[in-house]
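The structure appears below as structure tokens.
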Amino acid sequence: MSSILAGPIGPAFSLIAGALALILIVRWRQPGWHSVLAMLSLLTAGLLWYRLRSLPDQALLERPWEIMVLPTAQLVWQVDGWAWLCGLLALLVTAIEILFNWDSAGWNTPQVHSRRLLALVAALAVVSSNNLLTLAGMWVLFEIALLARAIARPQQPVVVTGAVGSLLVWLALSLTGLDSAQLPLGAGALASLPILLLLLAGLWRVAFYPFHAWLLASTAYTRPVHLTEFLLPATVGLTLLGRVYQTDLALALRQPVWLAIGLLGLLGSSLAAWLDTNQERSLLLVAVNRVTWCVVAMILSPVVGPTAAVWPLMTVTLGLSGMVVGLALVRVAGWRLPLALAMLALIGVPGTVGFPVRITLATLPTMQESLLPGLNLLRWLLTWLADTIAIAAILRHWPAATRTPSVEILFGQRWLVARHLLGFALFAAPLLTLGLQPPLLARWLGLLEPSPLFDSLWTQVRLLPGWMWLVQGLAAGLGFLLARWRPRLLVAQVAQQRIVAQIVDLGWLLAGLRGFGRGLNLASSTITGLLDGAGYVGWLALIMLLAWFLQAGS
């Protein structure tokens with residue numbers, strides 16, 4: 014038993030045991046006790062996962078995969094430095110999700126928390142998947158777990174999102190030979206098309222602009238606290254991007270056309286977040302913008318693989334978690350420090366995990382290969398404008414002046430405040446520690462070759478040219494003014510504001526795809542009806558296929 018708990022299956026065993034216990038004690042005590050049990054299960058899994066970093070010999074699990082029509086293959090899970098870090102972040106965001114949904118489901122809390130624990134099990138299985146064969150199976154399992162976690166009655170956006178992501182991963186597997194599918198994902202054994210499909214699956218799951226429509230359409234994310242439910246799939250998606258982002262893919266994505274698309278994505282998502290009239294929807298668009306910001310930074314990074322994705326991953330998980338925690342603490346206790354820290358990280362201020370991302374993005378307007386040939390000034394202005402509006406969109410969520418509750422009120426809500434403070438500690442401790450000591454993250458990843466992204470904070474600050482500091486300062490200052498004067502600037506243009514917001518958030522694209530799908534369904538139903546029953550269509554297709562083969566053979 015001790016050997017099982019010491020391996021990669023140990024954390025999953027703890028979480029599954031906790032989920033089963035929650036299911037079995039549905040009516041035991043109050044819902045708050047169920048949350049305590051979920052947190053204890055999560056804490057045990059976290060300790061077992063953390064221990065794997067010091068036991069590399071036990072961080073590997075192999076199982077044969079046998080099927081009658083194919084040779085025996087190997088399913089491999091390995092907790093290397095990248096998987097270990099991503100697993101810790103998955104545990105962290107799930108802990109914050111439970112803390113901020115403590116007993117909100119009433120007597121359904123045990124079932125809801127059990128689904129969250131099972132979704133975390135699937136997430137840990139994905140981040141530790143060593144080869145494409147293992148990843149494909151675990152990815153489908155993860156999508157099913159997310160579907161079960163979201164709501165009791167599945168909604169169309171949630172179902173479609175899981176189906177599209179799973180289809181992309183399985184298409185990548187189907188286009189890869191069995192031998193190549195058993196090699197490590199970072200070995201460079203995959204062809205270009207499977208890598209492209211895995212890239213699209215990762216971008217789709219993290220809601221990269223313009224693949225974010227499913228996030229806005231899903232009512233599972235209508236409250237700010239439910240933004241934490243998005244962080245687990247975002248963590249898993251960024252984990253996949255870090256695995257597949259190797260040298261060949263990096264060279265392809267650094268071409269001018271793709272970087273121009275990334276720049277337009279930054280501008281469109283920031284404008285949508287700043288203009289949207291709905292505060293909660295704007296918060297989701299801020300998340301989309303910061304994900305896009307981080308992915309573009311990964312593409313521009315001088316390194317590849319997990320080394321390029323680690324700072325974007327930290328910024329998304331810790332920064333957006335901090336936004337949820339900070340907004341909740343302002344509402345409960347009137348404390349603004351947690352929210353300020355989260356916003357500084359998302360902006361990329363020195364001393365936070367977002368600063369290396371900002372340094373990387375600062376090179377976008379000065380690249381040797383121009384994004385818009387012959388229009389360098391326009392390229393620079395678009396980059397600066399996207400950054401300015403993004404800062405304004407983030408600062409838009411800074412709350413207005415509120416009264417701090419009295420000591421008596423805080424004491425009456427002491428358990429609620431304590432949970433919120435625990436959530437603050439969970440995101441603030443790694444955010445500040447790694448932001449102030451970047452080399453520590455390199456040691457956690459086990460990097461042997463030095464990289465400028467992991468130099469000391471003072472070195473990174475000192476090496477940034479003075480004119481870049483001036484440009485970044487102007488963007489921050491103007492962004493602050495745009496956030497403060499937003500009501501004044503837009504009060505007379507409400508109709509135009511809504512039109513522009515609807516255009517840049519790409520809701521019309523989702524509506525168009527839905528209309529196309531309905532039309533396609535109607536056309537297929539009409540054709541099958543004309544051919545006297547849908548059952549004959551299959552035979553007709555088979556006859557046409559056989560005729561095509563015979564003609565090709567002759």
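In my numbering, the protein residues as written are 14 to 567.
Heads up, the beta-carbon is just placed ideally off N, CA and C, and yes, glycines get one too.
message: I want to know whether the stretch 329-338 touches the stretch 472-488 - three or more CB-CB distances under 8 Å.
response: The stretch 329-338 vs the stretch 472-488: no contact.
- request: Identify the continuous alpha helix (DSSP H) that holds W324 and give its terminal residues.
  value: 319-346
field: Residues that DSSP places opposite W90 in a beta bridge
entry: L74, S142
message: Does the contact criterion of 3 or more C-beta pairs under 8 Å hold for the stretch 296-307 versus the stretch 222-230?
response: yes
- request: Locate the alpha helix (DSSP H) running through L209, then write down its first and last residues.
  value: Where L209 is concerned, the enclosing alpha helix (DSSP H) starts and stops at 205-218.
task: Would you kindly report the start and end of the unbroken alpha helix (DSSP H) that includes P246?
output: 240-257
Sequence-distant residues of the same chain with beta carbon closer than 8 Å to A103, five excluded per side: L133, A136, L137, V140, L245, T248, V249
query: Of the residues T446, L434, L298, N144, which one's Cα is nearest the Cα of I402?
result: L298
query: Got a sec, what are the start and stop residues for the alpha helix (DSSP H) R655 sits in?
result: Nothing can be reported for residue 655: it is not among the residues displayed for the chain, which extend from 14 to 567.
query: For W324, which residues from the same chain have a beta carbon less than 7 Å from its beta carbon, with the 5 sequence-adjacent residues on both sides left out?
result: V366, P369, V370, L466
- prompt: Since A51 and L35 are thought to touch, with beta carbons under 8 Å apart, how far apart are those beta carbons, to the nearest angstrom?
  reply: 6 Å
query: To the nearest angstrom, how far is it from the Cα of F155 to the Cα of L56?
result: 21 Å
Stretch-stretch touch, CB-based, cutoff 8 Å, three pairs: the stretch 60-74 with the stretch 82-100: yes
task: Determine the DSSP secondary structure at T472, reduced to helix, strand or coil.
output: helix
query: P109 to P84, Cα distance in whole Å?
result: The question names Pro, but residue 109 in the sequence shown is Ile. Cα to Cα, the separation comes out at about 43 Å.
message: Alpha carbons only, please: which of I404, F440, A346, V219 is nearest the one belonging to A431?
response: A346
- prompt: Ends of the alpha helix (DSSP H) at L460?
  reply: From DSSP, L460 is part of no alpha helix (DSSP H); its letter is neither H nor E.
Contact set for P207: own chain, Cβ-Cβ below 6 Å, skip 5 residues either direction: A185, L188, T189
message: Under DSSP, the alpha helix (DSSP H) around L28 begins and ends at which residues?
response: Counting along the chain, the alpha helix (DSSP H) containing L28 begins and ends at 22-37.
query: What is the DSSP secondary structure of P197, counted as helix, strand or coil?
result: strand
query: What number of angstroms, rounded off, separates the C-alpha of L454 from the C-alpha of W97?
result: Going from the Cα of L454 to the Cα of W97 covers about 12 Å.
- prompt: To which residues of the same chain is T122 closer than 7 Å at the C-beta, ignoring the five residues directly before and after it?
  reply: P44, H47, S48, D116
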